[in-house]
């Protein structure tokens, strides 16, 4: 079956540091890949997505590239802010039902 | 776009009682999904609907769980004879589907269930 493996956290960075959160996946076919973010006390929000190999998703300074050869979708941001503190989830959805398989989440804390 | 709405936000009940949660999806979305999330883990798929038809159920969904989506609008998730292990956050999501593949899911804020 499908699976998503995320870099274990928690991750603590200073403001303006570079962020990478690793994500690798196992899937049949050609899934779509997503990063969701969950701020304290809130629901999951879509951060970015990529639907085919070599696509780059980007939003709010975050980027991730769909790498089919390495089955990866690593999340990056060049300069994090305190407001980026949240839990980040990598996910894939299959082509049929569209149901999503999530990683276990990575908690990011950014200190001023 | 008023977003996905879930009620109640919190539910505390005694073991053995029945509980029902409601989800109101984004109005034009024909797909609706239920997930369960426990502390420190990502959401796990439970079931999904295309309009009013329930098309897939996870093996996580025991016989005590039932979901409905009458008329293809709101959905309810009922848990009968609740057990301690049912304590979790129950998330609802909706999306466009069918001819529109790879659409992202929009999540509600969830219903947190605590079993005493």
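Residue numbers (my numbering), protein chains in the order written: chain A, 1 to 112; chain B, 1001 to 1116. For each residue, glycine too, the CB sits at the ideal point set by N, CA and C. Just so it is clear, the structure is predicted and the values come from calculations on it, not from any experiment.
- [ ] Mind checking who residue 1024 of chain B pairs with in its DSSP beta bridge?
- [x] Indexing the second chain from 1 puts residue 1024 of chain B at position 24. Partner(s): B:1005.
TODO: Report, in whole angstroms, the separation of the C-beta atoms of residue 98 of chain A and residue 1097 of chain B, which I expect to be a contact under 8 Å.
DONE: Within the first chain, the letter at position 98 stands for residue 98 of chain A. Within the second chain, the letter at position 97 stands for residue 1097 of chain B. Between residue 1097 of chain B and residue 98 of chain A the Cβ distance is about 6 Å, and since that is below 8 Å, they are a contact.
Task: Segment contact, 8 Å Cβ cut-off, at least three pairs: the region 1103–1115 of chain B with the region 40–54 of chain A - done: Pairwise C-beta distances place the region 1103–1115 of chain B in contact with the region 40–54 of chain A, as three or more of them are shorter than 8 Å.
Open item on the list: For residue 102 of chain A, list the residues DSSP reports as bridge partners.
Closed with: Numbered from its first residue, the first chain carries residue 102 of chain A at position 102. Bridge pairing for residue 102 of chain A: A:91 [DSSP].
Task: Cβ of residue 1070 of chain B within 8 Å of any chain A Cβ - done: Reading the second chain from its first residue, position 70 is the one you call residue 1070 of chain B. For residue 1070 of chain B, not one C-beta of chain A is nearer than 8 Å to its own C-beta.
TODO: Taking 8 Å as the cut-off, decide whether the C-beta atoms of residue 94 of chain A and residue 31 of chain A are in contact.
DONE: In the first chain, counting from the first residue as 1, residue 94 of chain A sits at position 94. In the first chain, counting from the first residue as 1, residue 31 of chain A sits at position 31. Less than 8 Å separates the beta-carbon of residue 94 of chain A from that of residue 31 of chain A.
Open item on the list: So with CB distances below 7 Å, who are the chain A contacts of residue 1095 of chain B?
Closed with: In the second chain, counting from the first residue as 1, residue 1095 of chain B sits at position 95. Here the neighbours are 98.
Task: Limits of the unbroken beta strand (DSSP E) element including residue 11 of chain A - done: Counting from 1 along the first chain, the entry for residue 11 of chain A is found at position 11. Unbroken beta strand (DSSP E) run through residue 11 of chain A: 11–14.
- [ ] Just the chain A side, please: which residues come within less than 8 Å of residue 1108 of chain B by C-beta, in chain order?
- [x] Position 108 of the second chain, counted from the first residue, corresponds to residue 1108 of chain B. Here the neighbours are 43.
Task: When A:29, A:8, A:27, A:35 are compared against residue 59 of chain A, the one with the closest alpha-carbon - done: Residue 59 of chain A sits at position 59 when you count from the first residue of the first chain. Taking only the C-alpha atoms, the option nearest residue 59 of chain A is A:35.
Task: Assumed close pair residue 1036 of chain B, residue 1060 of chain B - CB separation to whole angstroms, cut-off 8 Å - done: In the second chain, residue 1036 of chain B corresponds to position 36, counting from 1. In the second chain, residue 1060 of chain B corresponds to position 60, counting from 1. Confirmed, about 7 Å.
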